[in-house]
Structures are given as structure tokens and as C-alpha cells.
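Numbering (mature numbering (1 follows the signal peptide of the UniProt record, and there is no 0)), first residue to last: -18 to -1, 1 to 925. One structure is given below, encoded as C-alpha cells.
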């Protein structure tokens, strides 16, 4: 990143000062050399006045345009021979001290027929097109309209300017071309600047058009939306070209062969242009012996760089000064032959995959000013020869695999060092030690220092006292165990970035700390204690995880009017949240979680035009109503979990906070139903309502939450905060820590009094990662299509009254790693295929007496005979019901068929009762006879 910024700044400065040089050259050169002067012509004076009349001039830059002698007016130059206007330079100051001219260009300028130089840069022409009449200034040699808010089509009429040698239309972000064929008419053109113009429609022929300019010296067309880089040219006419700047286009192609045929090339910038190639051709690079500047950063290049270095080293007069290969995929060791590039001033190999030691020969690059090697896999010890680089101003050695010790010797001759970064990926025995001694007096005066993941002296570095120009200080994850000395805090007015985090710094902070305007301060993960200081001029403040205590003063923030980020979480603050915080109208992120704050949320919250995006007040003792947050319409995250808020979940949340991605209301005392209005939160990623007293049904419309359905994360702005949240599953606390919110999709409604069935619509939330509905009163079956939640990692349905079998579709949930179905009324066999083979813990299924199969110790074959599963029971119950219905209906029909006939037909009735009496008599006689015979038999046996 720093190399890219360096390149951009360098480009801007070159672009800026080239205009000043041009102006001096043009103003000193006079094509009409005579010995007498004259005043300007009336027709030209009138033309200038008409031009002035069409402009707005808030700063009075044209106030000198009065009187008859227009040659004496500010920005106007005339020929000493003829008095004709030859130069019009109305370029605004780059400092911005004066307001730009505004308005439109008047065609009256055409009366300036001898105009040779026109510069209207750094003004504001309100997105009007460049007028066609500009192409009629046939004597024009210099045309500079950069950064002047022109828009629209670049007129092809500019191709009529046959005397033009310098054309600059850069940094007008809405200019475009339909083709570049008109450029071929500019046969004398030496310098072409079209930075930021949209050349996409000319993408296929831009090179052929440029190749028609034999005198071209500088070509600057970065940020031009080009996507075609021809690999070859039949004839290269660019025999004079020295500078080719094509950075930040979309070529997606290898390095073209025609570039290596331009022996005059001095500067080549193809950074961030999608170049896919290696640097293996030695012979190609040895043709570029005049090359001083080579930038290939931010591409998709790979392989080793040995051949590149060898090729450039073969030039007897190699002059390379800047080599930027950062942010690519280069591998291998850094070649020792780099020492042959004696003129090297800037070397950036950061953000690659270089490995091995840094060559000792690096100390022979005596002209080196910038050495940027961060974010590689370099290992071993940092060579002491680095201390021989007397001209070095920037040394970045961060994020590598360094070992050993960096000592005073490494800085022995670095008297010009201004920026230093050191860190190692190693921890433990191989960790890097930064040991220079407590009493060290360094030879330099730093502007910035970054030391991360290093062992240092336990004492706070006293040598900081000698660094009077410090503006950026980062000491992170180092082993200092000390108080911060008072003299260090006295440096704070000049500090723009201060990070003292993950150390064991302790003690009280000063009562008041004033920093440089717009500064960022992070003192997190330390042991600071006592009250919070009064901070001034800070835009970013992080005091997370310390031992700070007491209330926050009511006037807190009055000197931080531009504060955008404040994190005071995980301390011991108490009392009310001061209403003064609501006056911070630029505040975007506020985290006061995990403290002891109490009382209501201030009623003035978001009363101003709030920019608040993230509000974390969870894990405090807050109570009352939430109506004060109704105006926080830009909120992305609202986490109020684990407080004492009560009443119903506000319905207005779904309407007034439409951008919410996280809603955390768990661990409070909310009651009543879940409002259906929450379904309006189409951007929602996390819904946490756990551990309340919510009742009623789960709204089926939750299945329509679009972000959980289709994974759409288009929030209309470039902001994505990081989330930390606790999930409690079967008594175990699982943490989601520092995950991008776009990757977390969670619904937690556990530990409430919800009832009814699990809505089948919830199976439409295809991007859901975690679903917890445990400890409710849910009934019915698990939806058969729940297997459609293929991304689900956590599913907790325990402690409900769910029945039926476990759906077979759950076997296809391959990401599922945390499952809890315990203590329900589930039945049947547990699936044994795919993902269920990983669930070996019986507690996942315990408390379901009708379940069988592994990992439970209940055999399904025995279980079926003794305790048939639900489906068998349901079948048998159905058969029994139909049996009883048949018996009863048969009895009723038979009974009334007989009885009804006897009631209706008298003769049948008499015959029936006669038959009954007869049968009764016969039965009685038969019974008496049989009884008598039985008695006789018994008497005979006794005798």
C-alpha cells in the first residue's frame, strides 16, 4: 500500500511541477524577437473581458483585468513585438487558498488568434464539455485543462491542433473518448496526459493511435479503463519515448514484447494493471539500460526475480533508481546480485512470498533511501549490514519470519532514518528480540515507529525521549511491563497515531491528553486504571479491555467534535451514559459494552443528524425504553443484549432502522410476541432475542429475510464491522469472534416461551449458519425440508416438545458441526449416514425415549417390538379406530333391523315371543333333567 501511495504522490508531484516548468519556458520564449513593445489589441482585450464576464470569480483573481493594457493583466502574456496575446495562464493555486474560477468558456476567446499557451487547470467548469472551438487555436503549443471539472466527450476537433506539443486533460473524472484516431493529427506532440479519462471505447486501437506520434516523449494514461494491451507492434515508431505510465488499467495480459524494443525508456509504470507474467527473460531486460523507474506492483506476477536483476545488471551504465515489485506472487530468495544496481534509491518487494535470509550484500546499496520488505516469508536474522545504508529514510521489515536479535548495530549509521517497522510471525523460543538497551541514544529522529510481536526490554523505551518528531507510534503485542512515563505523554500534541496495545502497561492515565488534530489513539488490552482522561482532537479512540473505572464525565467528548470511533468496552465504568455523547454528530461506532453502566439510554441520542452505524451497549445494567434510538436511522448494528430492558420488542425497529444487519436484544426482560415488523429488516444477518419472556408463535415471515435467503450484502456503502457474539449450546459457550458480519447469519430465539410449530418457511433461509430455538415450548415435527439449510453449522432445538422422526434430509447438512436435539419427544431411528456419522455424543439425542440407534445404547430392532415407533403406532391406532367403528355400526344396524320389524308387524311379534317362551321352557326342562342326573352320579361315586 505504501508503495502504491508513493507512486501516486510521485506522479502527482511530477505532474504538478511540470506545469510550472512549462510556464517558465513558455513565458521566456518569444517567437517575435524585436526591440520594441506595444500594448494589447482592442479586439483581444474585448475578447478577454467577454470571457471574464462568463466566469464566477469568488476570490477576485481577475481583479487586475481593468484598463486598456491587457498585457499587464494577471495571467496574460503578450508578444513584445506585436502586442498580441500569446499566453493565458489562469491555473489556480494547488494549495487551494484561492477559490477556483467557475462557469463556461466563452467562444470570444477565438479572437486570441495568436494564442500559444492555454492553462485553465485546477478550476471548476461545472462538468461542462470541452468546447469544440478549442480545436481552432491553430497556433496553440500547450493546452492544459487538467483537474478543471470538464466532462463529456473529448472533442476530436483537438486533432486540428497541429502545432501542439503538450496536451494535458488529466483528472477530469467524467471525460471520455469514442476513439483516439484524432491524436494522429498531433504530429508534434511530445507530452500526452489523459490520466483518469475513460478510454474504454478506444481500447482496441489506442496503441496504434499513440504509435503514430514519433516525437512523443511522455505517455500518461493510467486509470483509463483500458483492457487491451497488444502483445506486439509490427513497427515501433515511439523512438523518442522516455516515460510510459499505464498503471491501474485492466489489461489481464503478459508484458508486451514491444516495450523491450524501446531502448530510450526511462520510466515504466504498469502497476495495478492485471499483468500476468514472470520476469525470466534476461535478454529482454538488458535492452532497457536507460531505465530508472520500474513499477510493476499490484499485479499477478510470479516466479523469481533473479533474471530481472541479472538482465539489468548487464548494462554497463545501469541506472535503475526505483524498483517496485510489491503486492505480487514472486517467490524465491532475494538475489544477492541486487548489489550491482548501485544507483538504487527505492526498493519495495513487500507483500510477496520471498523466503530465506536477507542477503548481507544489501548493505552495498549505498544510495538506498527506501527499503520495504514487509509481508514476506523472509527468515533468519536481520543482517547487521543494514546499518551501513547511510541514506536510508524508510526501513520496513514487518510481518516476516525473523529470528534472533535486532540491536544497536543495525542502526549504527542510519542517521537519516525517519520511518521504521519491525515485526515477526514467530512466537515462543524463535521470537524476534528488539534489544537496544534502556539508555540507547539513536542517531536518527523518527517520524514513525512500528514494533509488533517482538520481545523488548520490560521497561518503557527511554530512548523515545530523544525522538522529538514522532507522529506515528505502534507498539503492539510486546512484553513491556511498566508505567508510561510522564514525559512520553508530553509528546501527545504532535502524535497523529498512537497504538499501545496488547502490552502490560499499567498505572493511571493523565487527567488530560491533547493530541494532533484528527489523531487516532488505541490503548487497548492493557492494565490502565483510574478514571478516563479528558481527550482532545481525537477521531478514533479505543480503550478496550483495561481496568478503567468510575463514571464518564458529563462533558466527555466536548473537545472531540470529529470523533468517529469510540470503544470503551470491557472496563469497569459505571453510572449513566452521559448525554454529551449524543452531541458527537460524526460518531459512527460506539462500543460501551461489558461495563457497569446503568439507567436509561439518553433521550437525546441521535437527536442530531446522526451518522451512527454501530451501537454496542450489551452486558451492562441499562433499563427503560428504547424510543430514544428511533432516530438512529443509519444503524447497522444494535446490540443491547444482557441488560434489563423490558416491555415488548419495539415494533418501530423494523421500520425506523431499515439498514440493521445485527439486532441483539437477548438476555433482557422483553415479553409478548415477536413483532412481524422485524421481517422488514431485509439486510439482517444476526437476530438475537434469546433469554427473554417472549411468547406466541415464531413469525413465519422470518423465512423471507432476504439476506439470509440469498446472501445479498449490498448495503449501499463501503462499511463492514466485525462482530463478537456468544452462543450458548447445551451449557457450552461458543464464541464467534472477529468474523466479518457478511459471513455470519444467525437466529437465536432460545430460552423464551415460544409455542406452536417450527415454521416450514424457516427452511428457506439458505444462508443461515446458526439456528438456536432451545428451551421453548415448540411442538409438532421438525420440517422435512430442513436439510435445505446446507450452510448451517449450529442447530439447537433441545428442550422443546418436538415429535416425529428426525428428517432424513438432515444427513445432507455437511457443514453441521454443533447439533442438539435432546429432551424432546422425537421417535424412530437416528439417521446413520453422511453428517450423522460425526455425531458420536449420546447427549445430543438424550431425553427422547422413543429414539433408537447409535450413538444411543438402544437397539432399534428390539425397540420396535417393545416400543413401536410413532409411524407404526399411528398405523395401528388408525386400524383400531376403524375396527371399533365397524363393530358399533354393525350392532346398530342388526339391532334395529330385528327390533324395528317386531315393532311394525304384529303377527311376527306374536310368533317371536311364542318362540322365545317355548325356547325358555325347553332350556329349563333340559337344565333340571341334567342336574338330576348329575346328582345321582355323584351319590354313586361316594357310596
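We put the CB at the ideal spot given by N, CA and C, even for glycine.
Check	Outcome
Alpha-carbon spacing of residue 625 relative to residue 552, whole angstroms	15 Å
Within the region 529 to 573, ranges of the alpha helix (DSSP H) (whole runs, at least 4 residues)	none
Ranges of the beta strand (DSSP E) found wholly within the region 615 to 682, counting only runs of at least 3	619 to 621, 628 to 630, 644 to 646, 651 to 654, 668 to 670, 675 to 679
Helix, strand or coil at residue 743 according to DSSP, with G and I counted as helix	helix
Status (buried if at least 16 other CB within 10 Å, exposed otherwise) for residue 854	With a pLDDT of only 44 at residue 854, under 50, the local geometry of the prediction cannot be trusted, and the value read off the model is given with reservation. Exposed: under 16 other Cβ atoms inside 10 Å.
Pairwise C-alpha distance: residue 611 and residue 571	14 Å
Extent of the continuous beta strand (DSSP E) to which residue 26 belongs	It is not in any beta strand (DSSP E) - residue 26 instead sits in the alpha helix (DSSP H) that spans 24 to 35.
Rounded distance between the beta-carbons of residue 588 and residue 595, thought under 8 Å	Not confirmed; about 12 Å, so no contact.
Unbroken alpha helix (DSSP H) run spanning residue 190, endpoints	188 to 192
Rounded straight-line distance, which links the Cα of residue 729 to that of residue 669	5 Å
Beta-ladder partner(s) of residue 490, from DSSP	511
Span separating the alpha-carbon of residue 387 from that of residue 405	12 Å
Range covered by the beta strand (DSSP E) that runs through residue 306	304 to 306
Beta-carbon contacts of residue 510 that lie in its chain and below 8 Å, excluding the five residues immediately before and after	487, 488, 489, 490, 491, 525, 528, 529, 530
Integer Cβ distance of residue 986 from residue 761, believed to fall under 8 Å	Only positions -18 to 925 of the chain appear in this structure, which leaves residue 986 out of reach.
Cβ shell of residue 585 (< 7 Å), same chain only, five flanking positions each side left out	610
Spatial distance of residue 274 from residue 327 (CA atoms)	10 Å
For residue 502: DSSP bridge partner residues	479, 522
Residue interval of the beta strand (DSSP E) (run including residue 293)	Note, residue 293: premise wrong, no beta strand (DSSP E); alpha helix (DSSP H) at 288 to 295.
Coarse secondary structure for residue 576, derived from DSSP in three states	coil
Runs of beta strand (DSSP E) lying entirely within the region 799 to 825, each at least 3 residues, in chain order	800 to 802, 807 to 811
CA nearest to the CA of residue 68, picked from 346, 242, 581, 97	97
Beta-carbon proximity list for residue 452, same chain, < 8 Å, skipping 5 on both sides	428, 429, 430, 431, 446, 473, 476, 477
Simplified DSSP state of residue 828, which is helix, strand or coil	coil
Bridge partner(s) assigned by DSSP for residue 760	738
Check whether residue 296 and residue 268 have beta carbons under 8 Å apart	yes
Where residue 227 sits in the DSSP three-state scheme	strand
Beta-carbon gap between residue 663 and residue 687 smaller than 8 Å	yes
Bridge partners - residue 110, DSSP secondary structure assignment	132
Identity of the residue in 352, 367, 391, 434 nearest residue 401 by Cα	352
Cβ-Cβ distance between residue 88 and residue 25 below 8 Å	no
As assigned by DSSP and simplified to three states, the class of residue 241	helix
Same chain, Cβ closer than 8 Å to residue 642, neighbours up to 5 away in sequence not counted	617, 618, 619, 620, 635, 663, 665, 666
Integer Cβ distance of residue 646 from residue 622, believed to fall under 8 Å	6 Å
Stretch-stretch touch, CB-based, cutoff 8 Å, three pairs: the region 187 to 197 with the region 160 to 167	yes
Cβ contact (3+ pairs, closer than 8 Å) linking the region 767 to 776 and the region 789 to 802	yes
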